Amino acid sequence: MTTDTRAVPARRESAAGLLVYALTLLVLVASGAAPSPLYPVYQAEWALPPVVLTAVFAVYVAGLLATLLTAGRLSDHIGRRPVILGALVVSTVAMLVFAFAHDGLALVVARILQGLAIGLATGALGAGMIDHQPRRRSGLAAFLNGVVPPAALTVGALGSGFLVAYGPAPEETVFVVLAALMVAAGIAVAFVPERQPRRAGALRSLIPSVAVPRDARAVFTAVVGGMIASWALGGMFLAFIGSVLGETFGLHSAALTGAAIALFTGTGAITGVVIRTRDARRSLVVGVVALVLGPVGLVAAIWTASLPLFAVAAVVGGVGFGAGFQAGLRLVLAEAPVDQRASLLSSVYVASYLAFGVPSVVAGVFVQADGLPIVLSVYGAFVAASALVALVLQLTGRRTRRAERIADALDAAAVS
Numbered sequence: 001m002t003t004d005t006r007a008v009p010a011r012r013e014s015a016a017g018l019l020v021y022a023l024t025l026l027v028l029v030a031s032g033a034a035p036s037p038l039y040p041v042y043q044a045e046w047a048l049p050p051v052v053l054t055a056v057f058a059v060y061v062a063g064l065l066a067t068l069l070t071a072g073r074l075s076d077h078i079g080r081r082p083v084i085l086g087a088l089v090v091s092t093v094a095m096l097v098f099a100f101a102h103d104g105l106a107l108v109v110a111r112i113l114q115g116l117a118i119g120l121a122t123g124a125l126g127a128g129m130i131d132h133q134p135r136r137r138s139g140l141a142a143f144l145n146g147v148v149p150p151a152a153l154t155v156g157a158l159g160s161g162f163l164v165a166y167g168p169a170p171e172e173t174v175f176v177v178l179a180a181l182m183v184a185a186g187i188a189v190a191f192v193p194e195r196q197p198r199r200a201g202a203l204r205s206l207i208p209s210v211a212v213p214r215d216a217r218a219v220f221t222a223v224v225g226g227m228i229a230s231w232a233l234g235g236m237f238l239a240f241i242g243s244v245l246g247e248t249f250g251l252h253s254a255a256l257t258g259a260a261i262a263l264f265t266g267t268g269a270i271t272g273v274v275i276r277t278r279d280a281r282r283s284l285v286v287g288v289v290a291l292v293l294g295p296v297g298l299v300a301a302i303w304t305a306s307l308p309l310f311a312v313a314a315v316v317g318g319v320g321f322g323a324g325f326q327a328g329l330r331l332v333l334a335e336a337p338v339d340q341r342a343s344l345l346s347s348v349y350v351a352s353y354l355a356f357g358v359p360s361v362v363a364g365v366f367v368q369a370d371g372l373p374i375v376l377s378v379y380g381a382f383v384a385a386s387a388l389v390a391l392v393l394q395l396t397g398r399r400t401r402r403a404e405r406i407a408d409a410l411d412a413a414a415v416s
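Position 398 (the sequence shown) corresponds to 398 in UniProt numbering; numbering is contiguous.
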């Protein structure tokens, strides 16, 4: 196997590429949350049955997983920039389909394209951030990989909710703004130097697979439960929070829906910032404990129609979301071989997005027949049980001490 080292410029101590890739990830993930406050609007205007909204959510996850499984390793072979630019083109088309949608079929098409784009870009952007981080801040990329997704979900849900509530032509404005941001991101990405050398095997890398490098398997197995619980709870919030506010509390506002999602995801983002210099394993334990308490509190709030309890549960769940994902990601990336970063990150996101999408889709199928309180009670029990399993593994299982030492050293370097 040969390596085209001529394609790789000398490494410079510059964070410009890291910043561009982080902001691009922010825009793409924010676009994934943007439709959530609009679902009740679409449902009311177009008389969509719940099964259509379930299908819209399902095809997004299916498209995302399809590209993670097939193209997740592609940027390790052809470079980060071509993959990211291709994803931005597809995502821009998806935003335009959303902007001009007039029925459920258009929503399905837009969400398929959106899932394909985000799945294509996620691993490449995460690996690209690692490629471009300054040497003196060697833990910064791992930190951003963990904190940008929840921050982006916050921005997407909150921004979309307020545009829907107070902006002109909200169903179009949200997506036109996002399309413009993606064009701007594409222009910026085009000027980012390519750090990943081209390698043979690009076509072979498209064979569907989930690859965890041998050196990272032990720690991946130990922490993946916390990531699964984190994203399962995230899926619960993004898919059903609008319905919970409307049916349980009589609140039918897109702005409030966006604010409720932002309370959860924003707490997760803040938690990621707070724990970045803390011991990674202890942070993970705190996260999975919160992932047990958060869904239990949320279900209790639904059955008692207690809005204060709902707010507390959202904050506690957000702590779990941020700590469970961020701490786990720090430990995993500490073991990532340089030439397999995109592959490992894609595997992390496959597990995370399976947890994000599959339980939500299954729950959506049963909501109409069994009712929201019962279905979300089962959903919450699943999240809490997953977190309990992760907690037991952390407290009794074999610790990956080398990963912990490396993660803590990288975190110290990131803030020095």
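The beta-carbon is built from N, C-alpha and C at its ideal position, and this holds for glycine as well. Please read all numbers here as calculations on a predicted model, not as lab measurements.
Would the beta-carbon of residue i fall within 9 Å of that of residue j?
i           : j       : result
Pro-359     : Gly-235 : yes
Ser-31      : Ala-87  : no
Gly-324     : Val-299 : no
Tyr-379     : Gly-242 : no
Leu-69      : Pro-208 : yes
Gly-115     : Arg-73  : no
residue 488 : Leu-263 : Past the boundaries of the shown model lies residue 488; the chain is included only from 1 to 416, so the question cannot be answered.
Ala-280     : Leu-238 : no
Thr-92      : Gly-186 : yes
Gly-317     : Thr-267 : yes
Glu-247     : Leu-372 : yes
Val-319     : Ala-152 : no
Ala-15      : Leu-140 : yes
residue 479 : Leu-293 : The question about residue 479 has no answer here: the residues shown for the chain are numbered 1 through 416.
Leu-354     : Val-56  : no
Val-164     : Pro-37  : yes
Val-143     : Gln-368 : One point to set straight first is that residue 143 is Phe, not Val, in the sequence displayed. Not closer than 9 Å, so no.
Phe-220     : Val-392 : no
Ala-390     : Val-223 : yes
Leu-203     : Ala-71  : no
Leu-125     : Ala-216 : no
Val-361     : Ala-169 : no
Leu-85      : Ala-190 : yes
Arg-244     : Leu-376 : According to the sequence provided, residue 244 is Val. The question's Arg does not apply to it. Closer than 9 Å, so yes.
Val-20      : Ala-188 : yes
Pro-134     : Leu-307 : no
Ile-261     : Gly-161 : yes
Assuming residue i and residue j form a contact by the criterion Cβ under 8 Å, report the distance between their Cβ atoms to the nearest whole angstrom.
i       : j       : result
Ala-34  : Val-174 : 6 Å
Pro-150 : Gly-322 : 6 Å
His-77  : Arg-195 : Incorrect: roughly 14 Å between the Cβ atoms, too far for contact.
Leu-107 : Tyr-42  : 7 Å
Leu-53  : Gly-364 : 7 Å
Ala-301 : Ala-290 : Going by Cβ atoms, the distance from Ala-301 to Ala-290 rounds to 16 Å, so no, they are not a contact pair.
Met-227 : Ala-351 : 6 Å
Phe-240 : Ala-305 : Phe-240 to Ala-305, Cβ: 16 Å. No contact.
Below 8 Å, can you find three or more Cβ-Cβ pairs linking the stretch 117-126 to the stretch 59-67?
-> These segments touch.
May I ask you to verify whether the stretch 124-134 touches the stretch 21-36, counting CB pairs closer than 8 Å and requiring at least 3?
-> Yes, they touch.
Determine, using beta-carbon pairs with one atom in the stretch 141-157 and one in the stretch 251-263, whether at least three such pairs fall under 8 Å.
-> With the cut-off at 8 Å, the stretch 141-157 and the stretch 251-263 touch.
Of all the alpha helix (DSSP H) runs that stay within the bounds of the stretch 206-289, which reach a length of 4 or more residues?
-> Complete alpha helix (DSSP H) runs here, min 4: 217-249, 254-274.
Which full runs of the alpha helix (DSSP H) of 4+ residues lie inside the stretch 4-65, going along the chain?
-> Those alpha helix (DSSP H) runs which fall completely within the stretch 4-65 and span 4+ residues are 16-33, 39-46.
Stretch pair the stretch 371-390 + the stretch 219-236: three plus CB contacts closer than 8 Å | Proximity of the stretch 371-390 to the stretch 219-236 meets the contact definition, three or more beta-carbon pairs being nearer than 8 Å.
For the stretch 89-103 and the stretch 169-184, state whether three or more C-beta atom pairs, one from each stretch, are separated by less than 8 Å.
-> By the Cβ criterion, the stretch 89-103 is in contact with the stretch 169-184, since at least three pairs of Cβ atoms, one from each stretch, lie closer than 8 Å.
Quick one: complete alpha helix (DSSP H) runs, 4+ long, within the stretch 116-182?
-> You should have 140-166.
Secondary structure, alpha helix (DSSP H): runs of 4+ residues fully inside the stretch 292-346 | If we require 4 residues or more, the alpha helix (DSSP H) runs fully inside the stretch 292-346 come out as 307-333.
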